[in-house]
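Number 111 in the numbering used here belongs to position 110 of the sequence shown; there are no gaps in the numbering.
No residue lacks a Cβ here, since even glycine has one placed at the ideal position from N, Cα and C.
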Amino acid sequence: MTLTGGTTDVPVAPTLLEEVRAVLAGTVPTAPEDLTGARSRYTDAPVDDPGLRERLVAAAARLPVTPDPETLRVHRHDVGDFTLPRRVGDTVAGAWALTFPLADSDTDGVTAWTGERFERLPDRAGTGLLLPPGAWTWVSPVRGAPRYSVLMGVR
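Pasting the structure below:
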């Protein structure tokens, strides 16, 4: 279930994307600084709605890992937004990090270190990455439609 073993499927109900869009409606880009002080451009938001939080954690709970609900975040990348390269553990607590998109895209995705090389993985709803501490990842400038993804620490 690690990145070097491939992707990890997380069951994503079609309604989750609409719920997340509603929660993030009207928010402005608020990406944290990276370790060098540079800034990515995307919206990083906690999930305060208890029902939505439960559904997102329940999706991840079907994996052979323990999701950490306290670290649950949703990222929205509008067209042109990006995430600078960063290492797992720099921004998410937990022994590992799980990230998965909420919608499909033929043009957008995430690039991550597979243990042997960097690999670009196009967005497929629910096809996630279980990333070990220290793995590098980034999102190139989004070209298609706004990109929504879930990020949480796991133990």
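Contact between the segment 125 to 145 and the segment 76 to 90 is present: three or more C-beta pairs spanning the two stretches fall below 8 angstroms. Val-13 is not a Cβ neighbour of Ala-98, given a cutoff of 7 angstroms. Short of 6 angstroms from the beta carbon of Val-58, and not among the five residues preceding or following it, lie these beta carbons of its own chain, in chain order: Pro-68, Pro-70. Put simply, the backbone Cα of Ser-150 is about 11 angstroms away from that of Tyr-43. The C-alpha of Leu-17 is placed about 22 angstroms away from the C-alpha of Phe-83.
Around the CB of Thr-138, 16 or more other CB atoms lie within 10 Å, so the residue is classed as buried. Note: Ser-150 is bridge-paired with His-76, Pro-102 in the DSSP secondary-structure output. The continuous beta strand (DSSP E) containing Ala-46 extends over residues 44 to 47.
Our two residues, Arg-56 and Pro-15, have alpha carbons roughly 12 angstroms apart in a direct line.
Using a 10 angstroms sphere on the CB of Phe-101, the tally of other CB atoms reaches 16 or more, which defines it as buried. Cα atoms of Leu-73 and Asp-50: separation of roughly 11 angstroms, rounded to the nearest angstrom. By the beta-carbon neighbour count (other beta carbons within 10 angstroms, threshold 16), Arg-156 is exposed.
Here Leu-152 has Arg-74, His-76, Val-93, Ala-98, Thr-100 as same chain residues with Cβ atoms under 7 angstroms from its own Cβ, once five neighbours each way along the sequence are excluded.
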